[in-house]
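Trainee:
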Amino acid sequence: MTPAVQILSFVIFAVISVYAARHYRFLWNRLFQRQDRAYQDLAGSYLPSVTVIIPMHNESRVAAGVIEHLVDADYPQELVQILAVNDHSTDDTAEIIDAAASRYANVTAVHRTDPDEARGKTEALKTGTALATGEVILVFDADYRPGRGLLKRLVAPFCDPSVGAVMGRVVPSNSAANALTRLLDLERAGGYQANLQARQNLALIVQYGGTVGGARRSVLDAVGGWVTHLTEDTDLTLRIYLRGFRVVYVNIAECYEEVVQDWAARTKQLSRWAVGHNTVMLDYLWPTLRSKLLTPRQKIEGVLLLGVYLAPVLLLLGWVASIYLAFVSAGWYLTVYTGVLGSLSFNAWGNLAAFNEIGSALLLDRRKRSILLLPLGVFSSFAGMWICTGALFKTIKGRIRKTSVVWDKTPRYATDAPATPVEPGGGR
Amino acid sequence: MNVAAALRPSREPSHRALQRFPFDKRATMAGLVVAGIVMAAALSFANALWRVEADALGALLRMSGTPHSVTDAPRDAFGGAVAGGARFTVPETGSPIPRPAALAGIGAFVLASAVAIRSRRVPVPAKVLWLLFAAIGASTLWHTGFVSGVPPHPVRTMSIGFQRGGLLTVVVAALLFAFEVFPVPGRFRTKAGWLLGLCVFAVAWSVVRMAVVLATAYHIGPWTFLYLHYLAGPVVDFLTIVTFYSFATYGLSKRLEEAIAR
């Protein structure tokens, strides 16, 4: 058994090393190489009609805020249709969006109240899309606070017909709430400022994240529209690339959001992402490898991206293997050392950002003091291993039993978000 | 589309979203040279360093009242090719764990783990840390009570070598700094200073860790060896590296503003 465990531990280390090399490539690109401007020289020049869909389920604490910010957007309001979709809310959300609809001509309140209909974000998006009139469909979660210039920045890439979807940068507004929000803030910084921007620069697979972004209506229809899924965003991303279109990440399109403030909510959220992502992996791994429209580099990146939520599971398995090797004294120390060091350096912290990416992102953001929080990220790393392992079992169970997806709503805290994102030239 | 407006050059000031650092070939080369020197020194002067570490370790063990013997023995660090430093051995103490006691201990670990997993009051990172702790503890009890009668691994001996002597950490740190810290614009002395600090800390921590493990094995019992050696080894090394990386990056960030290029 010992040789088998040794081989397993080295295989795990090899896989993690591949991910580490990927992150290092991203880091180097983001720090020192030419940055893709994501068509931002055209921001404000290309103004297609836009439909903004805001799926809402019990969002009374935040519903008014996102609508007010969108109405205040620096975009011709006659070209903007705002659809606030109330998805079976039991609080005051319906009244709030009705009031907004009566106040603003381009705001429409849509109510999904049929007790027999399916619920969830994707269903709300389907309802909204059926009513949409814009060439471009943008999606915002209800807790987001889009700045005035955000819409112009987000739609600029659509001047290129090969662009199927766009994604903006998400910045936490409540990062000072507690230790968890600070850690999530670090993850977001590394994931967007370094990781996604590098993928954009390198023309790899850029992920549409389900909010602060959207798709061209014609492309959305061409790829089959929204599909009911825990991670409808990742699903849409893959379908867009497999049809020969691409997603553009607009790093300058910053939008504030609330991150979860307690570990219970974080566990549910991360578990949902991981189960959804794993399901997408099972659905799209083979089509990605066989695609004639993806470049070889995009295929490699696609495989690594699809497996990203399996990496924490491998890490936990590697730890278990190393404990076993320690007991049988089978050259364990080197294995453990390299395994732990390599795995932690990859998975520190979160699922998309390595610690060095976070450090670099914070440097670019000029957030000096936050850099000192980096070592605390080990807690996120431990949590990620645990939650993603549980999510893998849920994925397998769901596949075997063919159970339907259950949507756990992310709680809202309604902290005071900045009215506008940081404007050009400034750090935070 | 307003083509005229689109063709006008952008007057937008540099935004953090589009900024990058100027690539400094000299700084990058300097980083590679420094890393090379550090690694070469680590390999060339390993024996001398191990002698110093052995003296320090011996002093710490004497200070803690831990009797020990020291032998010079070749060590099988990388497949038997590399000789290591001194080997410290402490007298055997403690008695084998009776099977009922081992079983009770394992049961306690399992019960506590179940409570930790189910409890909503325990944060997830603490759950994972506990489970690692419990897994090592329960495995040790199982091995000691039901398999061999003694704890796994030679718990009373400790040889100073590449890994335990801290040199592996030094090599990893040098590589990390070469590729991720030195190329970033900033003072050379800041980068080199934090790398040097990290190397010194890694070696010093290695000596302290070995002393604690041996002293604990003698005074408290050998089963604690795995906790100390496993959790205080690679995990702390990693935290050390990240901490010094963050210190260095923080130091560089102070003077970065003017170095940012579009």
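Residue numbers (the working numbering), protein chains in the order written: chain A, 1 to 428; chain B, 1 to 262. For every residue, glycine included, the Cβ atom is placed at its ideal position computed from N, Cα and C. On a predicted model such as this, the values are computed, not experimentally measured, just so you know.
Keeping to the same chain, check which residues put their C-beta closer than 6 Å to that of N356 of chain A; ignore five residues upstream and five downstream.
Mentor: If you number the first sequence from 1, residue 356 of chain A lands on position 356. For N356 of chain A, where only same-chain residues beyond five positions count, the Cβ hits under 6 Å are L27.
Trainee: Output, in chain order, the set of chain E residues within a Cβ distance shorter than 9 Å of K254 of chain B.
Mentor: Among the protein chains of the structure shown, namely A and B, there is no chain E.
Trainee: Are the C-beta of T288 of chain A and some C-beta of chain B separated by less than 9 Å?
Mentor: The residue you call residue 288 of chain A lines up with position 288 of the first sequence. No, no contact with chain B.
Trainee: Between N278 of chain A and the rest of its own chain, which residues show a CB-CB distance below 8 Å, the 5 nearest in sequence each way excluded?
Mentor: Counted from its first residue, the first sequence places residue 278 of chain A at position 278. Counting only Cβ-Cβ distances below 8 Å, and skipping sequence neighbours, we find Y309, L310, A391, L392 and T395.
Trainee: Between which two residues does the alpha helix (DSSP H) harbouring L252 of chain B extend?
Mentor: As a working mapping, residue 252 of chain B is identified with position 252 in the second sequence. Unbroken alpha helix (DSSP H) run through L252 of chain B: V236 to S253.
Trainee: Is the shortest distance between the beta-carbon of V38 of chain B and the beta-carbons of chain A less than 9 Å?
Mentor: The residue you call residue 38 of chain B lines up with position 38 of the second sequence. No, no contact with chain A.
Trainee: For R217 of chain A and I67 of chain A, I'd like the C-alpha separation in whole angstroms.
Mentor: Residue 217 of chain A sits at position 217 when you count from the first residue of the first sequence. Residue 67 of chain A sits at position 67 when you count from the first residue of the first sequence. Using only the alpha carbons, I get a separation of about 22 Å.
Trainee: Using only CA atoms, which one of A:I323, A:P312 and A:F245 lies nearest to S291 of chain A?
Mentor: Along the first sequence, one-based indexing puts residue 291 of chain A at 291. Measuring from the Cα of S291 of chain A, the nearest candidate turns out to be A:F245.
Trainee: List the residues of chain A whose Cβ lies closer than 8 Å to the Cβ of V207 of chain B, in chain order.
Mentor: The count along the second sequence starts at 1 and reaches residue 207 of chain B at position 207. Proximity of chain A to V207 of chain B at the Cβ level (cut-off 8 Å) is not reached, the minimal Cβ distance being about 17 Å.
Trainee: Unbroken alpha helix (DSSP H) runs of length 4 or more, entirely within the segment 87 to 149 of chain B: which are they?
Mentor: 99 to 118 and 124 to 142
Trainee: Interface residues of chain A around L175 of chain B at Cβ under 8 Å?
Mentor: By 1-based counting over the second sequence, the position of residue 175 of chain B is 175. Near L175 of chain B there are no residues of chain A at all, since even the closest Cβ is about 11 Å away, more than 8 Å.
Trainee: Please give the ranges of any alpha helix (DSSP H) in the segment 48 to 96 of chain A, keeping only runs that are unbroken, at least 4 residues long and fully inside the region.
Mentor: Listed in chain order, they are 63 to 71.
Trainee: Please decide whether A17 of chain B counts as near chain A, where near means a Cβ-Cβ distance under 9 Å.
Mentor: Numbered from its first residue, the second sequence carries residue 17 of chain B at position 17. Yes, because at least one Cβ of chain A sits closer than 9 Å to the Cβ of A17 of chain B.
Trainee: Candidates B:K127, B:G251 and B:F146: which alpha carbon is nearest A102 of chain B's?
Mentor: Numbered from 1 along the second sequence, position 102 holds the residue referred to as residue 102 of chain B. Residue nearest to A102 of chain B within the set B:K127, B:G251 and B:F146 is B:F146 (criterion: CA-CA distance).
Trainee: Using a C-beta cutoff of 9 Å, does E68 of chain A count as contacting chain B?
Mentor: The residue given as residue 68 of chain A occupies position 68 in the first sequence. Using a Cβ-Cβ cut-off of 9 Å, E68 of chain A does not count as an interface residue toward chain B, since no Cβ of chain B sits closer than that to its own.
Trainee: Tell me the rounded alpha-carbon separation between E423 of chain A and A189 of chain A.
Mentor: The residue labelled residue 423 of chain A in the question sits at position 423 within the first sequence. The residue labelled residue 189 of chain A in the question sits at position 189 within the first sequence. Only weak support is given to the placement of E423 of chain A: the predicted model assigns it a pLDDT of 35, under 50, and the value that follows is read from those uncertain coordinates. Rounded to whole angstroms, E423 of chain A to A189 of chain A spans 17 Å at the Cα level.
Trainee: Taking its Cβ as the centre, do 16 or more other Cβ atoms sit within 10 Å of V286 of chain A, making it buried, or is it exposed?
Mentor: Numbered from its first residue, the first sequence carries residue 286 of chain A at position 286. Sequence inspection shows Trp at residue 286 of chain A; the Val mentioned does not correspond to that position. A residue is called buried when at least 16 other Cβ atoms come within 10 angstroms of its Cβ; W286 of chain A does not meet this threshold and is exposed.
Trainee: Which residue wins for smallest C-alpha separation from T89 of chain B, given the options B:S246, B:I97, B:L61 and B:A114?
Mentor: Looking up residue 89 of chain B in the second sequence gives position 89. Of the listed residues, the one whose Cα sits closest to T89 of chain B is B:L61.
Trainee: List the residues of chain A whose Cβ lies closer than 8 Å to the Cβ of S263 of chain B, in chain order.
Mentor: In the structure displayed, chain B extends from 1 to 262; residue 263 of chain B sits before or after that span and is not available.
Trainee: Closest by CA to G166 of chain B, which one among B:D55, B:F201 and B:R20?
Mentor: Indexing the second sequence from 1 puts residue 166 of chain B at position 166. For the options B:D55, B:F201 and B:R20, the alpha carbon positioned closest to that of G166 of chain B is the one of B:F201.
Trainee: Assign V115 of chain B to one of two classes, buried (16 or more other C-beta atoms within 10 Å of its C-beta) or exposed (fewer than that).
Mentor: Within the second sequence, the letter at position 115 stands for residue 115 of chain B. Exposed.
Trainee: Is A135 of chain B close to chain A, meaning its C-beta is less than 9 Å from at least one C-beta of that chain?
Mentor: The residue labelled residue 135 of chain B in the question sits at position 135 within the second sequence. Yes, because at least one Cβ of chain A sits closer than 9 Å to the Cβ of A135 of chain B.
Trainee: With H, G and I counted as helix, E and B as strand and the rest as coil, what does DSSP make of L138 of chain A?
Mentor: Against the first sequence, residue 138 of chain A aligns to sequence position 138. In the structure shown, L138 of chain A sits in a strand (DSSP, three-state: E or B).
Trainee: Give the list of continuous beta strand (DSSP E) stretches no shorter than 3 residues that lie fully inside the segment 201 to 225 of chain B.
Mentor: none
Trainee: Are the CB atoms of L79 of chain A and L47 of chain A nearer to each other than 9 Å?
Mentor: Here the question's residue 79 of chain A lines up with position 79 in the first sequence. Here the question's residue 47 of chain A lines up with position 47 in the first sequence. It is a contact, given that the beta carbons lie within the stated cut-off.
Trainee: What are the partner residues of E257 of chain A, as DSSP defines its beta bridges?
Mentor: One-based indexing of the first sequence puts residue 257 of chain A at position 257. For E257 of chain A, which the question treats as bridged, DSSP gives the partners A:P172.
Trainee: In the structure shown, what three-state DSSP assignment does N251 of chain A receive?
Mentor: As a first step, residue 251 of chain A must be located in the first sequence, where it is residue number 251. Correct three-state label for N251 of chain A: strand.
Trainee: Which two residues bound the contiguous alpha helix (DSSP H) that contains G36 of chain B?
Mentor: As a first step, residue 36 of chain B is located in the second sequence; it is residue number 36 there, counting from the start. Note, G36 of chain B: alpha helix (DSSP H), K25 to S44.
Trainee: Using a Cβ-Cβ cut-off of 9 Å, state whether V184 of chain B counts as contacting chain A.
Mentor: Here residue 184 of chain B is taken as the residue at index 184 of the second sequence, counted from 1. Chain A contact via Cβ: present.
Trainee: Would F162 of chain B be called buried (16 or more neighbouring beta carbons within 10 Å of its own) or exposed?
Mentor: Residue numbering aside, residue 162 of chain B sits at position 162 when the second sequence is read from its first letter. In this structure F162 of chain B is buried. Its beta-carbon is surrounded by 16 or more other beta-carbon atoms within 10 angstroms.
Trainee: Which residues in the same chain have their Cβ closer than 6 Å to the Cβ of E53 of chain B, if we skip the five residues on either side of it in sequence?
Mentor: For the purposes of this step, residue 53 of chain B is taken as the residue at position 53 of the second sequence. I160, G165 and V207, listed in sequence order.
Trainee: On the CB-based measure, 16 or more other CB atoms within 10 Å of its CB, does A105 of chain A come out buried or exposed?
Mentor: Counting from 1 along the first sequence, the entry for residue 105 of chain A is found at position 105. So A105 of chain A ends up on the exposed side.
Trainee: Report buried or exposed for S162 of chain A, applying the criterion of at least 16 other Cβ atoms within 10 angstroms of its Cβ.
Mentor: Residue 162 of chain A sits at position 162 when you count from the first residue of the first sequence. Answer is exposed; the Cβ neighbour count stays below 16.
Trainee: Going by Cα to Cα distance, which pick from A:G398, A:P146, A:F379 and A:K397 is closest to E187 of chain A?
Mentor: Sequence index remark: in the first sequence, residue 187 of chain A carries index 187 (1-based). For the residues A:G398, A:P146, A:F379 and A:K397, the minimum Cα distance to E187 of chain A belongs to A:F379.
Trainee: Does the beta-carbon distance from L31 of chain A to S246 of chain B come in below 9 Å?
Mentor: Here residue 31 of chain A corresponds to residue number 31 of the first sequence, with the count starting at 1. Here residue 246 of chain B corresponds to residue number 246 of the second sequence, with the count starting at 1. Taking 9 Å as the Cβ cut-off, L31 of chain A and S246 of chain B do not qualify as a contacting pair.
Trainee: Classify M385 of chain A: buried if its beta carbon has 16 or more other beta carbons within 10 angstroms, exposed otherwise.
Mentor: Taking the first residue of the first sequence as 1, we reach residue 385 of chain A at position 385. Result: buried.
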